[in-house]
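Chemist:
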Amino acid sequence: MQEKRVLIDADACPRQVLAIAKRTCAEKGWSCITFASFNHQFTGENHVSVDAGPQAVDMKLANAATAGNIVVTQDIGLAALILAKRAKAVSPHGTIFESERISFFLEERNEKARFRRGGGRTRGPAARSTADDVRFSRALQKLMEESED
1 MQEKRVLIDA
11 DACPRQVLAI
21 AKRTCAEKGW
31 SCITFASFNH
41 QFTGENHVSV
51 DAGPQAVDMK
61 LANAATAGNI
71 VVTQDIGLAA
81 LILAKRAKAV
91 SPHGTIFESE
101 RISFFLEERN
111 EKARFRRGGG
121 RTRGPAARST
131 ADDVRFSRAL
141 QKLMEESED
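Under this note's numbering, the residue at position 14 of the sequence shown is numbered 14, and the numbers go up by one with no gaps.
(1) Apart from the five residues just before and just after residue 75, which ones in its own chain have a Cβ nearer than 7 Å to its Cβ?
(2) Could you tell me how far apart the beta carbons of residue 82 and residue 72 are, in whole angstroms, since I believe they sit closer than 8 Å?
(3) Could you please give the first and the last residue of the uninterrupted beta strand (DSSP E) stretch that includes residue 35?
(4) With a CB to CB cut of under 7 Å and the five nearest residues on each side skipped, what residues in its chain are close to residue 17?
(5) Take residue 20 as the anchor and find which of 133, 148, 143 has the nearest alpha-carbon.
(6) Which two residues bound the contiguous beta strand (DSSP E) that contains residue 133?
(7) With C-beta atoms as the reference, is residue 22 less than 9 Å away from residue 144?
(8) Which one of 111, 126, 125 has the shortest CA to CA distance from residue 119?
(9) Just the Cα atoms here: how many angstroms apart are residue 140 and residue 52?
(10) Does the beta-carbon of residue 63 have 16 or more other beta-carbons within 10 angstroms, so that it is buried, or is it exposed?
(11) Are the CB atoms of residue 6 and residue 30 within a distance shorter than 9 Å?
(12) Would you identify the three-state DSSP class for residue 9, choosing helix, strand or coil?
(13) By how many angstroms is the C-alpha of residue 121 removed from the C-alpha of residue 66?
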């Protein structure tokens, strides 16, 4: 049987999300592994430090992910790579990335980037709320339960 793992793109992951993921993994007997560049101050036995190069963390995490893993990331491109490996992906805000909708998310990201390159301005993410923590916790538990089946 394959080890049940939650892999976290920890470079820009909110502390509350890390705490929720670690607590949930401990309760359910899953491994929780964080990935971040060496510029971030992470310690622990289940942490992977990566070079500070562009996309280095994403590539290391994508290479480590296997079918059945759950990856926590807000990077839509990384989520697409993860889904292609038959792993699951969820954002820190609780959005579950699904194969059927990932192309929409990628296109939306590209359109916003094109708009900004043309001088336009887009809004950043809203301030994190308690509701985000609840949504993330529920989404993570849902993905874990689906993996148990």
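Glycine included, C-beta positions come from ideal geometry on N, C-alpha and C. Remember, it's a predicted structure, so these values are computed and weren't measured experimentally.
Modeler: Quick answer:
(1) Closer than 7 Å at Cβ, skipping near neighbours: 9, 58.
(2) Contact between residue 82 and residue 72 is ruled out by a C-beta separation of about 10 Å, above the 8 Å threshold.
(3) Looking at the DSSP string, the run of the beta strand (DSSP E) that includes residue 35 is 31-37.
(4) For residue 17, where only same-chain residues beyond five positions count, the Cβ hits under 7 Å are 72, 92, 136.
(5) Here the closest residue by C-alpha is 133.
(6) Here residue 133 belongs to no beta strand (DSSP E); instead the alpha helix (DSSP H) covers 130-148.
(7) Contact: no.
(8) The shortest C-alpha separation from residue 119 is found at 111.
(9) Roughly 28 Å separates the two Cα atoms.
(10) Residue 63 comes out exposed.
(11) A contact, by the Cβ cut-off of 9 Å.
(12) Of the three classes helix, strand and coil, the one that applies to residue 9 here is strand, per DSSP.
(13) In this structure, the straight-line span from the alpha carbon of residue 66 to that of residue 121 is close to 37 Å.
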